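Peer 1: Position 237 of the sequence shown, counted from 1, bears residue number 237 in full-length UniProt numbering, the numbering being contiguous throughout. Even glycine gets a Cβ: it sits at the ideal position worked out from N, Cα and C. Please read all numbers here as calculations on a predicted model, not as lab measurements. Got a structure for you, written out below as structure tokens; questions coming shortly.
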Amino acid sequence: MAGQRKKITGTSRPFFSLSANKSHSLHLPESSPHRRRRHRGSSHGYLAFLDESPDFFLLNPLTRAKFHLPPLSSFPNVVAFDFSDVGREYSLRAPNGDVSTRSLSEMRDLLIKKVVLSSSPSVDLNFIVLAILNQTGDLAFCKNGYRSWLFIEDAQSYCEDAIYCNGLFYAVNKLGQIAVCDVAGEFPRVSFIRTPPQIGGDLLYLAEPAKEPHARELAYVVLVACWDPGVVMCYKTNSSNIDVK
Numbered sequence: 001m002a003g004q005r006k007k008i009t010g011t012s013r014p015f016f017s018l019s020a021n022k023s024h025s026l027h028l029p030e031s032s033p034h035r036r037r038r039h040r041g042s043s044h045g046y047l048a049f050l051d052e053s054p055d056f057f058l059l060n061p062l063t064r065a066k067f068h069l070p071p072l073s074s075f076p077n078v079v080a081f082d083f084s085d086v087g088r089e090y091s092l093r094a095p096n097g098d099v100s101t102r103s104l105s106e107m108r109d110l111l112i113k114k115v116v117l118s119s120s121p122s123v124d125l126n127f128i129v130l131a132i133l134n135q136t137g138d139l140a141f142c143k144n145g146y147r148s149w150l151f152i153e154d155a156q157s158y159c160e161d162a163i164y165c166n167g168l169f170y171a172v173n174k175l176g177q178i179a180v181c182d183v184a185g186e187f188p189r190v191s192f193i194r195t196p197p198q199i200g201g202d203l204l205y206l207a208e209p210a211k212e213p214h215a216r217e218l219a220y221v222v223l224v225a226c227w228d229p230g231v232v233m234c235y236k237t238n239s240s241n242i243d244v245k
């Protein structure tokens, strides 16, 4: 990382500006270890925070704007939640029907992999949130004002990465195949983009490349681990553009 390294205190965190090539320290009490929270990525300038309680919210660290999302206890695979059952507060149903329990901290740490927003809540109150779940590989979404999360049933396992582009969510699986998720209507609709299978790719990402206005392409990036004597670990990237018209 270029730029001067800033000291991290209990309630401040460094943010790096690519355009200015500078790092800045911001007061962010939500990230204090005493709060026992975790963040699961950023989108459109908002950080997604999870609490040991079922609390789940978005925070703009610059403006301090805050939006509450449906709680963790409202995900479809949560069949029971009981604060009094210490250490086993959550009961979750696996895809095969088995039910297991999780503690408050396990749920906070393990349930969510990443959160993606359709737009900035600061400018569009009709924003949609997509959550990629760990372990089960499910995709869940909610719209602003929803009280619970909904699964996108036909897109399970498309959990490597996701992006919002031209009114649709795109999610990629381990083989590089892409699910196109339309959640604007009453029920989610899913279609698929078939791509050449990826073999040996360790991490797959979707990105929206710099492009002409109204062009409709996604960048498909594969990060491959390679071993080099004298280097602990290095990565090389393979990328190509996908037409999403």
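Between which two residues does the beta strand (DSSP E) holding aspartate 98 run?
Peer 2: Locating residue 98 in the sequence shown gives position 98, counting from the first residue. Note, aspartate 98: premise wrong, no beta strand (DSSP E); not H, not E.
Peer 1: Please classify asparagine 21 as buried or exposed, where buried requires at least 16 neighbouring CB atoms within 10 angstroms.
Peer 2: Mapped onto the sequence shown, residue 21 falls at position 21. With fewer than 16 other Cβ atoms within 10 Å, it is exposed.
Peer 1: For serine 191, collect the residues of the same chain with a Cβ closer than 7 Å to its Cβ; drop the 5 residues on either side in sequence, then sort them by chain order.
Peer 2: As a position in the sequence shown, residue 191 is number 191, starting the count at 1. The beta carbon of serine 191 sits closer than 7 Å to the beta carbons of Val180 from its chain, once the five residues preceding and following it are set aside; these are given in chain order.
Peer 1: Drop a sphere of 10 angstroms on the beta-carbon of alanine 131, count the other beta-carbons inside from all chains shown, and report buried for 16 or more, exposed for fewer.
Peer 2: As a first step, residue 131 is located in the sequence shown; it is residue number 131 there, counting from the start. Here alanine 131 is buried. Its C-beta has 16 or more other C-beta atoms within 10 Å.
Peer 1: Three Cβ pairs or more, each shorter than 8 Å: is that satisfied between the region 147 to 154 and the region 72 to 85?
Peer 2: yes
Peer 1: Can you give me the start and stop residues for the beta strand (DSSP E) that glycine 41 sits inside?
Peer 2: By one-based count along the sequence shown, residue 41 stands at place 41. From DSSP, the beta strand (DSSP E) with glycine 41 extends over 38 to 43.
Peer 1: Going by beta carbon distance, what residues of the same chain come within less than 7 Å of valine 129, once the five residues before and after it are set aside?
Peer 2: The residue labelled residue 129 in the question sits at position 129 within the sequence shown. Around valine 129: Leu69, Val115, Leu117, Phe141 and Cys142.
Peer 1: Output the distance between the C-alpha atoms of glycine 45 and leucine 92, rounded to the nearest integer angstrom.
Peer 2: The count along the sequence shown starts at 1 and reaches residue 45 at position 45. The count along the sequence shown starts at 1 and reaches residue 92 at position 92. Their backbone Cα atoms lie some 31 Å apart in a straight line.
Peer 1: Can you tell me which of the three DSSP states arginine 35 falls into?
Peer 2: Residue numbering aside, residue 35 sits at position 35 when the sequence shown is read from its first letter. Helix.
Peer 1: Let me know the secondary structure DSSP gives leucine 168 once reduced to three states.
Peer 2: As a working mapping, residue 168 is identified with position 168 in the sequence shown. Reduced to three states, the DSSP call for leucine 168 is strand.
Peer 1: Do you know offhand how far phenylalanine 81's Cα is from glutamate 89's?
Peer 2: Sequence index remark: in the sequence shown, residue 81 carries index 81 (1-based). Sequence index remark: in the sequence shown, residue 89 carries index 89 (1-based). One C-alpha to the other measures close to 5 Å.
Peer 1: Taking a contact to mean a Cβ-Cβ separation below 8 Å, would you say glutamate 52 touches arginine 64 in this structure?
Peer 2: Here residue 52 corresponds to residue number 52 of the sequence shown, with the count starting at 1. Here residue 64 corresponds to residue number 64 of the sequence shown, with the count starting at 1. Between glutamate 52 and arginine 64, the C-beta spacing is not below 8 Å.
Peer 1: Could you tell me how far apart the beta carbons of leucine 72 and leucine 47 are, in whole angstroms, since I believe they sit closer than 8 Å?
Peer 2: The residue labelled residue 72 in the question sits at position 72 within the sequence shown. The residue labelled residue 47 in the question sits at position 47 within the sequence shown. Their Cβ separation, rounded to whole angstroms, is 16 Å, which puts leucine 72 and leucine 47 out of contact at 8 Å.
Peer 1: Could you say which of Gln135, Asp85 and Thr195 lies nearest to asparagine 96 if we only look at CA atoms?
Peer 2: Stepping through the sequence shown from its first residue, residue 96 is reached at position 96. The candidate whose alpha carbon is nearest that of asparagine 96 is Gln135.
Peer 1: Looking at cysteine 165 and glycine 137, is the spacing between their C-beta atoms short of 8 Å?
Peer 2: To locate residue 137, count along the sequence shown from 1; it is residue 137. To locate residue 165, count along the sequence shown from 1; it is residue 165. In this structure, cysteine 165 does not lie closer than 8 Å to glycine 137 by Cβ.
Peer 1: Would you tell me roughly how many angstroms separate the C-alpha atoms of glycine 10 and leucine 28, rounded to the nearest one?
Peer 2: Numbered from 1 along the sequence shown, position 10 holds the residue referred to as residue 10. Numbered from 1 along the sequence shown, position 28 holds the residue referred to as residue 28. It is roughly 9 Å from the alpha-carbon of glycine 10 to the alpha-carbon of leucine 28.
Peer 1: Sorted by chain position, which residues of the same chain lie with C-beta nearer than 6 Å to leucine 104's C-beta, five sequence neighbours on each side aside?
Peer 2: Counting from one through the sequence shown, the residue named residue 104 turns up at place 104. Once the five neighbours on either side are set aside, the close Cβ partners of leucine 104 are Glu52 and Glu89.
Peer 1: What are the partner residues of residue 334, as DSSP defines its beta bridges?
Peer 2: No answer is possible for residue 334: the residues shown for the chain start at 1 and end at 245.
Peer 1: Pull the bridge partners of tyrosine 90 from the DSSP assignment, please.
Peer 2: Residue mapping note: residue 90 aligns to position 90 of the sequence shown, counting from 1. Per DSSP, Phe81 and Arg102.
Peer 1: Can you tell me whether leucine 206 is helix, strand or coil according to DSSP?
Peer 2: Your numbering for residue 206 matches position 206 in the sequence shown. Strand.
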